[in-house]
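When you read off a place in the sequence shown, starting at 1, and then add 3, the result is the number in our numbering.
From the three backbone atoms N, C-alpha and C, an ideal C-beta is built for every residue, glycine too.
Heads up: the structure comes next, in structure tokens.
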Amino acid sequence: MSVRIGVVGGGQLARMMIAPAVELGLDLRVLAEQPGMSAALAATAVGDYRDIDTVRAFARDVDVITFDHEHVPQPVLRALVDAGVAVHPGPDALQFAQDKLLMRARLAELGMPQPDWAAVTDAAGLQAFLDAHDGRAVVKTPRGGYDGKGVRVVRSAEEAEDWIRALAEAGAGDALLVEELVAFRRELAQQVARTPAGDVASYAVVETVQRDGVCAEVIAPAPHTAARLEVVAREIGLAIAHGLGVTGMLAVELFETEDERLLVNELAMRPHNSGHWSQDGAVTGQFEQHLRAVLGLPLGDPSPRQPWAVMVNILGGPTEGTMADRLPAALAEHAGAKVHTYGKDPRPGRKVGHVTAVGSDLDEVCYDARAVAAQFD
Ligand SMILES: Nc1ncnc2c1ncn2[C@@H]1O[C@H](COP(=O)(O)OP(=O)(O)OP(=O)(O)O)[C@@H](O)[C@H]1O
Ligand SMILES: [Mg+2]
């Protein structure tokens with residue numbers, strides 16, 4: 004009987020684990036939130052990941068549980084562990100990807116470089132932080148954010164009034180994360196895979212370009228990067244993977260400051276948009292690597308296959324017609340590019356697919372990836 008992996012969540016990350024699972028002869032099963040999701044092909048169950056009984060029933064028939072997203076509540080994760088289920092990443096690690104305040108506190112203990120930050124519980128606390136930081140700050144809801152939702156640049160406490168009010172309604176113990184507004188030169192991401200035994204493989208540090216808080220493009224490796232910065236990024240990635248006991252893929256989102264320092268923005272403990280390039284651009288793509296890591300199999304070679312890989316997200320999708328309508332023109336645009344679609348209906352701003360191109364001339368690779376992605380506009 005093949006090894007069974009259960010993925011909680013039916014989004015595109017689960018979808019992209021299917022192909023490498025098939026190649027390796029693994030039995031991948033998905034607990035999807037709804038029928039017809041991106042990973043529907045492997046969905047053996049549909050149900051609420053917040054419900055202990057639903058998740059426990061799904062976990063009964065698999066050898067390891069892993070995730071498409073970080074929103075499974077801690078009590079559900081703990082119940083699985085208590086029932087003897089292998090959960091990777093485990094709740095002790097995952098909490099730091101679930102809660103940005105916990106993450107900031109733990110990274111401070113580990114001595115990781117970060118933006119100035121504070122936990123604020125009221126308008127006076129936020130105003131005090133603003134006064135100490137040139138009147139500007141970034142306020143974040145610690146839990147449940149994605150694609151820039153739950154992140155707001157503010158110049159006054161009033162601009163976060165709704166969130167502060169929600170805090171008061173939630174009762175004691177809740178807080179918002181406030182951070183200095185970092186004047187970054189660019190954003191980078193460092194990925195590391197780690198097995199339960201502590202074996203690691205680290206990928207090249209990449210540049211990520213966000214538009215309206217959403218990842219738009221990734222260039223691998225990050226162009227014009229000082230060798231020293233590459234080393235520091237890798238050291239940060241490894242220190243966090245080991246320090247937090249991460250199993251599976253870890254992505255560390257980083258800011259590169261004007262004076263060439265790296266600051267940790269946030270963490271993801273699963274395959275990540277910043278690593279999609281590796282499907283076509285590395286010897287071992289992140290989705291295969293994640294499966295290897297959570298199963299404790301030997302890790303694959305994370306080296307790039309070509310000098311450059313560029314990944315361009317397809318955001319929104321066609322304003323008229325379907326993705327399928329546009330596929331022939333996209334494939335005709337550049338025969339070397341790879342198109343990945345997520346089986347989602349077009350909707351403004353939504354990530355519905357991505358395109359990767361690889362090669363030795365960065366300008367050409369960028370052009371090719373963008374030209375193919377543009378066929379889906
Ligand atoms: N302290 C900061 N200073 C400047 N810009 C920031 C700061 N924090 C976040 N940002 C900007 O906002 C974007 C989204 O922030 P963050 O990554 O914390 O949010 P998210 O919604 O949880 O993430 P994701 O989009 O990765 O799901 C960042 O990629 C960055 O462009
Ligand atoms: Mg982010």
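Across the structure, Asp-262 and Asp-134 are spaced so that their CA atoms are roughly 24 angstroms apart. Around the Cβ of Tyr-149, a 10 Å sphere holds fewer than 16 other Cβ atoms; the residue is exposed. Within the region 180 to 234, the beta strand (DSSP E) runs of at least 3 residues that lie entirely inside it are, in chain order, 187 to 197, 203 to 205, 209 to 214 and 217 to 223. Its Cα nearest to that of Gly-324, the residue Phe-379 stands out among Lys-341, Phe-379 and Trp-280. At a cut-off of 8 angstroms, the beta-carbon of Asn-268 counts as near ligand 2: some heavy atom of the ligand is closer than that.
Per DSSP, Glu-336 is one residue of the alpha helix (DSSP H) stretching across 326 to 336.
Inter-residue distance for Met-252 and Ala-196 is about 4 angstroms (C-alpha atoms, whole angstroms). For Met-20, the enclosing alpha helix (DSSP H) stretches over residues 15 to 27.
Distance check between Asp-125 and each of Gly-362, Leu-180 and Asp-54 places Leu-180 closest, using alpha-carbon atoms only. For Val-75, the secondary structure class from DSSP, reduced to helix, strand or coil, is coil. When only Cα atoms are considered, Ala-374 and Arg-350 end up about 20 angstroms apart.
For Val-6, the three-state secondary structure derived from DSSP is coil. Take the alpha-carbon of Asp-283 and the one of Ser-159: they are about 45 angstroms apart. With 16 or more other Cβ atoms from the protein chains shown falling within 10 Å of its own Cβ, Met-20 counts as buried. Ala-178 carries a coil assignment under DSSP once its states are collapsed to helix, strand and coil.
DSSP places Glu-172 in the helix class (H, G or I) of the three-state scheme. The continuous alpha helix (DSSP H) containing Met-106 extends over residues 103 to 112.
Listed as beta-bridge partners of Asp-30 by DSSP are Arg-7.
Contact between His-91 and Thr-57 is absent: CB atoms are separated by about 20 angstroms, not below the 8 angstroms threshold.
About 20 angstroms separates the Cβ atoms of Leu-184 and Ala-127, ruling out a contact at the 8 angstroms cut-off. If you draw a straight line from the Cα of Pro-38 to the Cα of Asp-85, it is about 29 angstroms long. By the Cβ-count criterion, Arg-32 is buried, with 16 or more other Cβ atoms from all chains shown falling within 10 Å of its own Cβ.
In the three-state scheme derived from DSSP, where H, G and I count as helix and E and B as strand, Gly-278 is classed as helix. With 16 or more other Cβ atoms from the protein chains shown falling within 10 Å of its own Cβ, Ala-244 counts as buried. Going by DSSP, Gly-251 is part of the beta strand (DSSP E) stretching over 251 to 260.
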